[in-house]
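Q: Going down the list, the protein sequences come from chains A and B.
For what it's worth, the numbering used here labels the leading residue of the first sequence as 13, then goes sequentially.
For what it's worth, the numbering used here labels the leading residue of the second sequence as 6, then goes sequentially.
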Amino acid sequence: MKRTLFRKIWDAHLVADGGEGQSLLWVDLHLVHEVTSPQAFESLRAAGRPVRRTDLTVATMDHNVPTTEGPITDPLAKQQLDALRTNCEEFGVRLFATGSGREGIVHVIGPELGLSQPGMTIVCGDSHTSTHGAVGALAFGIGTSEVEHVLATQTLPQFRPRTMQVEFVGALPFGLTAKDMVLAAIGELGVAGGQGHVLEYTGEAIRGLSMEGRMTVCNMSIEAGARAGLIAPDETTLSYLSGRPAFVESDWSDLHTDDGAEYDAVRAVDVSRLAPQVTWGTNPGMVAPIDAVVPDPAEYDEDDARAAVERALRYMDLTPGTPLRDIRIDKVFIGSCTNARIEDLRAAARVAEGRRVAEGVHAIVVPGSAEVKRQAEDEGLREVFERAGFEWRRAGCSMCLGMNPDILQPGERCASTSNRNFEGRQGAGGRTHLLSPAMAAAAAVAGRFADVRELA
Amino acid sequence: MRPLRSVTGAVAVLDRPDVDTDQIIPKQFLKRIERAGYGEFLFFDWMKDPDFELHRTPDAAILLAGRNFGCGSSREHAAWALEDRGFRAVLAPSFGDIFRQNAINSGLAPVAVPPEWLAQLKDAVAARNELTVDLETLRITHPDGLELAFDFDAHAQETLVNGLDDVARTLQREDEIAAFEATYARRFDLARIP
């Protein structure tokens, strides 16, 4: 039988095959962080159950760690981090704690440490687990009850998702990035377009991306509603993973979709004339090219779509017809599991070099991991950012979701390299616009959205 | 988990698409390490608006929502908050995949209803605000006579109706898991990380 890449990984992990019904799936790697795990460990403790495979379970601290120097001051955040430490000690789970030098955003350290590898199943109590699909793994987010289930059994009951090929057609123009590709794809698919599906990204533009870029694309699969995103491994994958600490060589030769294998759905996204993307609304599908204007709700035919756009513009305090380039910003956030890898920081630094953050704009750069931070400092990127007036922080999730002190104040407008522009996501009343790291740096120096291609 | 055979009660109508879990329970409430007590923070920011739809039916047990309800973040706290607030069922044309599973695991029934039923259900509860969602017979009924049969996955039905714990059920399959595990090699080596 000709099979898709997804189906090959799925079939190889079936503890019990439920066919169209519920199957039991083996989990190769379970990533754990402080926010979605305490109740799971507590339930294990109450039931007297151990963690079944501590050698397949890895924890880190990321969501609510402070990114400034000094001790944690938020008592609730501290309690949660302390709980993770205690739980990991009690259950024998390896923890990369703050200060260990290996900590970072869970979806940055997985591939970085060589934990995430092609053909694996990877889960984590975090929706952006889809990131790891970039190495050719089936990786998806789960809830806390499922975290408990995986801790106790190393398996997960699952219905087989459907498959969708998302083919990027054409060559990516100069100055465009993975973030622009995935934002454009979400704009076309819609925020529920991938529901129930695993997306396999294909096409020349995907093959041309670095691993960091592929992670950015797969990361935002969940923003199209998809269960996971997936990219077949190739030479780029091998050269990225080779030599990483936990890497174990294996045979990937069959890890691709067979010629003639059928997907349940196929979508094409033309990137040959793509322009840098900026979101204007309150979900990632509300996106437009930088040379566009804020849309008019009257252009939407469906009642509920029109109402949603009206509501989004009210929340974002935007007037239809306003050029995106005329929108002024207060803050810039370069970071998150979407865009805080070394390549992202290099791209932003290239724009920042020799320029200054605009008057009245507060810009922060938060590396995705302690390792990314070290590497960026070794390459001199920290100096570039600091000379330009950006603040250089310690690793963590930071202002992507604002569980730590890095938040927007009500009414503040932020150019953000993160993944969600939901109402209040970065702080109650805050207004988030998603874009690429280069575009975020361009916005920081211009004080408004700007086309990074014109700064080059 | 509390069994959920059937729920009868008032319906809150939240007629907008793509309600994400960040709205259902904002991040500042995810720092707690307990599983209970999230109900008072449900829709925390939207509740500040006196015109917010949910204020109209403070004692609702059933939520009627738009498509793609519960999209976004995997936080199970969203399902816990709804359940803690007194909701036992959410009716919507579609759900975020992770939320749907979280709801089932939290004793909250995520019932997918065809979009064309929404208007019918809204009209019915506008006339008299009461519905019954029966998880045993898989029927939604309104006291004025409206009766709709819905589809629901059999495993999820069993979980909800009996208040079952998925972990305990899977642990009974130890033979199958051990058999798989015996033939399956680890794909990475954590011990190599200094």
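Ideal Cβ placement from N, Cα and C applies to all residues, glycine included.
Please state the DSSP three-state secondary structure of A:Phe397.
A: Numbered from 1 along the first sequence, position 385 holds the residue referred to as residue 397 of chain A. Three-state DSSP puts A:Phe397 in a helix.
Q: If contacts are defined as beta-carbon pairs under 8 Å, then A:Thr133 and A:Asp40 qualify, I think. What distance do you get, rounded to the angstrom?
A: Indexing the first sequence from 1 puts residue 133 of chain A at position 121. Indexing the first sequence from 1 puts residue 40 of chain A at position 28. At roughly 5 Å, the Cβ-Cβ gap stays under 8 Å, so A:Thr133 and A:Asp40 are in contact.
Q: Since B:Asp171 and A:His161 are thought to touch, with beta carbons under 8 Å apart, how far apart are those beta carbons, to the nearest angstrom?
A: Position 166 of the second sequence holds residue 171 of chain B. Position 149 of the first sequence holds residue 161 of chain A. Confirmed, about 6 Å.
Q: A:Gly82: which of A:Gly392, A:Ser410, A:Arg406 and A:Val321 sits nearest, CA to CA?
A: As a working mapping, residue 82 of chain A is identified with position 70 in the first sequence. Of the listed residues, the one whose Cα sits closest to A:Gly82 is A:Arg406.
Q: Does B:Asp54 get closer than 9 Å to chain A when you measure Cβ to Cβ?
A: Residue numbering aside, residue 54 of chain B sits at position 49 when the second sequence is read from its first letter. No, B:Asp54 does not count as interfacial toward chain A.
Q: In whole angstroms, give me the CA-to-CA distance for A:Pro379 and A:Gly116.
A: For the purposes of this step, residue 379 of chain A is identified with residue 367 of the first sequence, where counting begins at 1. For the purposes of this step, residue 116 of chain A is identified with residue 104 of the first sequence, where counting begins at 1. Straight-line Cα distance between these residues: approximately 8 Å.
Q: What whole-angstrom Cβ distance do B:Phe48 and B:Leu59 have, given they're in contact under 8 Å?
A: For this step, residue 48 of chain B is matched to residue 43 along the second sequence. For this step, residue 59 of chain B is matched to residue 54 along the second sequence. Right, the Cβ-Cβ distance comes to about 6 Å (below 8 Å), so this counts as a contact.
Q: Measure the beta-carbon distance from A:His374 to A:Asn231 and round it to whole angstroms, keeping in mind my assumption that it falls under 8 Å.
A: Taking the first residue of the first sequence as 1, we reach residue 374 of chain A at position 362. Taking the first residue of the first sequence as 1, we reach residue 231 of chain A at position 219. At roughly 25 Å, the Cβ-Cβ gap does not stay under 8 Å, so A:His374 and A:Asn231 are not in contact.
Q: Measuring only between beta-carbons, confirm whether A:Ile243 sits less than 9 Å from chain B.
A: What you label residue 243 of chain A is simply residue 231 of the first sequence in a count that begins at 1. False, the Cβ-Cβ gap to chain B never drops below 9 Å.
Q: Whose Cβ in chain A lies nearer than 8 Å to the Cβ of B:Lys36?
A: What you label residue 36 of chain B is simply residue 31 of the second sequence in a count that begins at 1. The contacting residues are Val47, Asn76, Asp86, Leu88, Ala89, Gln91, Gln92 and Met415.
Q: According to DSSP, simplified to helix, strand and coil, what is B:Trp51?
A: Residue 51 of chain B sits at position 46 when you count from the first residue of the second sequence. Looking at B:Trp51 - three-state DSSP - the assignment turns out to be helix.
Q: Is the shortest distance between the beta-carbon of B:Thr142 and the beta-carbons of chain A less than 9 Å?
A: By 1-based counting over the second sequence, the position of residue 142 of chain B is 137. Not an interface residue.
Q: On the DSSP letters alone, give me the boundaries of the beta strand (DSSP E) that A:Ser345 sits inside.
A: Here residue 345 of chain A is taken as the residue at index 333 of the first sequence, counted from 1. Per the sequence presented here, residue 345 of chain A reads as Phe, with Ser not at that position. Unbroken beta strand (DSSP E) run through A:Phe345: Lys343 to Ile346.
Q: By the criterion of Cβ-Cβ separation under 9 Å, what are the contact partners of A:Phe259 in chain B?
A: Counting from 1 along the first sequence, the entry for residue 259 of chain A is found at position 247. Neighbours of A:Phe259 on chain B, chain order: Phe193, Asp194 and Arg197.
Q: Per DSSP, what are the beta-bridge partners of A:Ala364 in this structure?
A: Within the first sequence, the letter at position 352 stands for residue 364 of chain A. Paired residue(s): none; A:Ala364 is not in a bridge.
Q: Roughly how many angstroms separate the alpha carbons of B:Glu124 and B:Gly14, rounded to a whole number?
A: Looking up residue 124 of chain B in the second sequence gives position 119. Looking up residue 14 of chain B in the second sequence gives position 9. For the record, residue 124 of chain B in the displayed sequence is Ala; it is not Glu. One C-alpha to the other measures close to 19 Å.
Q: Note down, in chain order, all residues in the stretch 300-328 of chain A with a beta-carbon under 8 Å from any beta-carbon belonging to chain B.
A: Going along the stretch 300-328 of chain A in chain order, one finds Asp316, Ala317, Ala319, Ala320 and Arg323 with a Cβ nearer than 8 Å to chain B.
Q: With DSSP run on the structure shown, which of helix, strand or coil describes A:Met411?
A: Here the question's residue 411 of chain A lines up with position 399 in the first sequence. Correct three-state label for A:Met411: helix.
Q: Going along the chain, which residues of its own chain have a beta-carbon closer than 6 Å to the beta-carbon of A:Leu107, five neighbours each way excluded?
A: Taking the first residue of the first sequence as position 1, residue 107 of chain A is located at position 95. Result list for A:Leu107: Ala71 and Cys100, in chain order.
Q: If the cut is a Cβ gap below 7 Å, which residues of chain B does A:Gly137 touch?
A: The residue labelled residue 137 of chain A in the question sits at position 125 within the first sequence. By Cβ distance, chain B contributes Ser79.
Q: When the Cβ atoms of the stretch 408-423 of chain A are set against those of the stretch 152-159 of chain A, are three or more pairs found closer than 8 Å?
A: Contact between the stretch 408-423 of chain A and the stretch 152-159 of chain A is absent, because fewer than three Cβ pairs lie under 8 Å.
Q: Classify A:Gln51 as buried or exposed, calling it buried when 16 or more other Cβ atoms lie within 10 Å of its own Cβ.
A: In the first sequence, the residue the question calls residue 51 of chain A occupies position 39. Looking at its Cβ environment, which holds 16 or more other Cβ atoms inside 10 Å, A:Gln51 is buried.
Q: Is there a Cβ of chain A sitting closer than 9 Å to that of B:His147, yes or no?
A: For this step, residue 147 of chain B is matched to residue 142 along the second sequence. Not one chain A Cβ lies under 9 Å of B:His147.
Q: Whole angstroms are fine: how far does the CA of A:Asp271 sit from the CA of A:Asp29?
A: Residue mapping note: residue 29 of chain A aligns to position 17 of the first sequence, counting from 1. Residue mapping note: residue 271 of chain A aligns to position 259 of the first sequence, counting from 1. In a straight line, the C-alpha of A:Asp29 is about 25 Å away from that of A:Asp271.
Q: Against chain A, does B:Gly14 count as a neighbour if the rule is that its beta carbon must be under 9 Å from one of theirs?
A: For the purposes of this step, residue 14 of chain B is taken as residue 9 along the second sequence, with counting starting at 1. No, B:Gly14 does not count as interfacial toward chain A.
Q: Pair every Cβ in the stretch 186-201 of chain A with every Cβ in the stretch 221-229 of chain A, then say whether three or more of these pairs are closer than 8 Å.
A: In short, these stretches touch, since the Cβ pair count reaches three.
Q: In whole angstroms, give me the CA-to-CA distance for B:Ser99 and A:Val203.
A: Walking along the second sequence from the start, residue 99 of chain B turns up at place 94. Walking along the first sequence from the start, residue 203 of chain A turns up at place 191. Each residue's Cα considered, the two are about 12 Å apart.
Q: Below 6 Å CB to CB, which residues in the same chain sit around B:Thr146 once its five sequence neighbours on both sides are set aside?
A: Against the second sequence, residue 146 of chain B aligns to sequence position 141. Here the set comprises Thr137 and Glu152.
Q: Does the CB of A:Leu41 have a neighbour CB from chain B at under 9 Å?
A: Position 29 of the first sequence holds residue 41 of chain A. Answer yes: the Cβ-Cβ gap between A:Leu41 and chain B drops below 9 Å somewhere.
Q: Check each candidate in A:Ala164, A:Glu179 and A:Ser428 and name the one with the smallest Cα separation from A:Ala59.
A: Locating residue 59 of chain A in the first sequence gives position 47, counting from the first residue. Closest by alpha carbon: A:Ala164.
Q: Do three or more CB pairs link the stretch 307-317 of chain A to the stretch 83-99 of chain B at distances below 8 Å?
A: Not touching, per the Cβ criterion.
Q: Assign B:Arg61 to one of two classes, buried (16 or more other C-beta atoms within 10 Å of its C-beta) or exposed (fewer than that).
A: Position 56 of the second sequence, counting from 1, holds the residue named residue 61 of chain B. The residue in question, B:Arg61, is exposed, as its Cβ has fewer than 16 Cβ neighbours within 10 Å.
Q: Are the beta-carbon atoms of B:Phe104 and B:Phe57 separated by less than 9 Å?
A: Translated into the one-based positions of the second sequence, residue 104 of chain B becomes position 99. Translated into the one-based positions of the second sequence, residue 57 of chain B becomes position 52. No; because the gap between Cβ atoms is not below 9 Å, this pair is not in contact.
Q: Where B:Leu87 and A:Arg460 are concerned, what is the direct C-alpha to C-alpha distance, given to the nearest angstrom?
A: Here residue 87 of chain B refers to the residue found at position 82 of the second sequence. Here residue 460 of chain A refers to the residue found at position 448 of the first sequence. Approximately 39 Å between the Cα atoms of the pair.
Q: So for A:Phe186, helix, strand or coil by DSSP?
A: One-based indexing of the first sequence puts residue 186 of chain A at position 174. Correct three-state label for A:Phe186: coil.
Q: Ordered along the chain, which non-local residues of its own chain (more than five positions away) have a Cβ less than 6 Å from that of A:Asp282?
A: By 1-based counting over the first sequence, the position of residue 282 of chain A is 270. Answer for A:Asp282: Val181 and Gly182, listed in chain order.
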